[in-house]
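Everything on this sheet refers to the single structure shown next.
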Amino acid sequence: MDKDLSEIFSGLAEGRIIPYLGPGLLPEAGATLPSELPALAELLSSQVTVPHKVRRNLTGAAQYIENFKHRKTLVGMMDKAFAGDPPLHPLQRELAARKLPLIVHLWYDNGMAKALAEQGTRWGRIQGLSQTEHFGHWTGYMNAAGQPVDAAVAAQWDTILYEPWGSQSPANNYLVSDTDFVEVLTEIDIQTPIPEIVQQIRIGRHFLFVGCRFNDQLQRNFARQIMKRSTDRHWALMEAPLTRNEARFVREQGIQVLQIPSSVLLDGAAVAKAG
């Protein structure tokens, strides 16, 4: 483990590692926002009567609401669920300060964007877009002020925040329903929904998963496709025991699981700065 941590510390310092952040950081930071797919599904289901069999299935519950209450209702409910700025995890601030070329954030909250905004550096977002609302456009590019920009502008940013499932901010873009994901997954094997600049940056780099789980097919699919054509060595900080599907996935993808808290990364960063 010491060797892995040493590689992670040096890789982050040199920009060779791409952080891939999931919803598990929210409870660590003290946020009360939904931090799991089933929990978000139950929150949506508590506001609209949905069939019992999909009450804990996020994409199924979202699809039911979209079909029977309209897409605008679903978007409004997602906006409410993720309204306000969550408390920042110290790791988000640490990563924002490093001017890393790419950070992947796979959840709907505004935490990582808020951390980047505090730094005042050149950064912007690339978000996945729902074909229901943006037919023919897989991703949207937004500068630090939240204004839409051309894809070419992203090359000028110190840090790209890539949010494959969208985010509450700045434009209420969400991939959340069955239809949203079916459209993307139909094309993701040939990488069409993955931004070209993300495909370029990942070459020769490793991924570090923090606050992520791989216990459902959706999260495994996105991790697999976003990592494609990078290196064959990655890490994940996951303290809870792995499910059988997770164990198989990390083995197949070359992900070394470290059962340690994310605070270890902050301790290492402090030591590195002191040195």
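For the sequence shown, the working numbering gives the first residue as 2, with consecutive numbering after it.
Cβ atoms here follow ideal geometry from the backbone N, Cα and C, with glycine treated the same way.
These figures come from a predicted structure and were not determined experimentally.
- In terms of Cα proximity to L26, the closest of F182, Q93, K100 and F83 is Q93.
- Take L89, set aside five residues on each side of it, and the residues of its chain with a beta-carbon closer than 7 Å to its own are A30, G112, K115 and A116, in chain order.
- Rounded to whole angstroms, M79 and R72 show a C-alpha spacing of 11 Å.
- Comparing alpha carbon positions, the residue from Q226, H53 and F69 closest to P165 is Q226.
- Following the DSSP letters along the chain, one finds E164 inside the beta strand (DSSP E) bounded by residues T160 to E164.
- When I19, E15 and A42 are compared, the shortest CA-CA separation from H207 is found for I19.
- Relative to T74, the option among S178, P91 and M143 whose CA is nearest is S178.
- Counting C-beta pairs closer than 8 Å gives fewer than three between the region 29-44 and the region 94-102, which falls short of the contact rule.
- Here R126 really is in contact with M143; their C-beta atoms are around 5 Å apart, less than 8 Å.
- The C-beta of V211 has 16 or more other C-beta atoms within 10 Å across all chains shown, which makes the residue buried.
- For a cut-off of 8 Å, the C-beta gap from V105 to Y21 is around 4 Å, short enough to register as a contact.
- When the five nearest sequence neighbours on each side are left out, the beta carbons in the same chain lying within less than 7 Å of the beta carbon of D217 are those of L38, in order along the chain.
- In this structure, the alpha-carbon of L44 lies about 11 Å from that of F83.
- For T187, the enclosing alpha helix (DSSP H) stretches over residues D179 to I189.
- I204 sits away from H235, with the two beta carbons spaced by 7 Å or more.
- In its chain, beyond the 5 residues on either side, no residue has a beta carbon closer than 6 Å to the beta carbon of N246.
- In the three-state reduction of the DSSP assignment, Q257 falls in the strand class, which pools E and B.
- Per DSSP, the continuous alpha helix (DSSP H) segment holding G77 begins and ends at R72 to A82.
- Contact check for F250 against R221 passes: the beta carbons are separated by less than 7 Å.
- In the three-state reduction of the DSSP assignment, V55 falls in the helix class, which pools H, G and I.
- Under the 10 Å beta carbon count, I189 is surrounded by 16 or more other beta carbons and is classified as buried.
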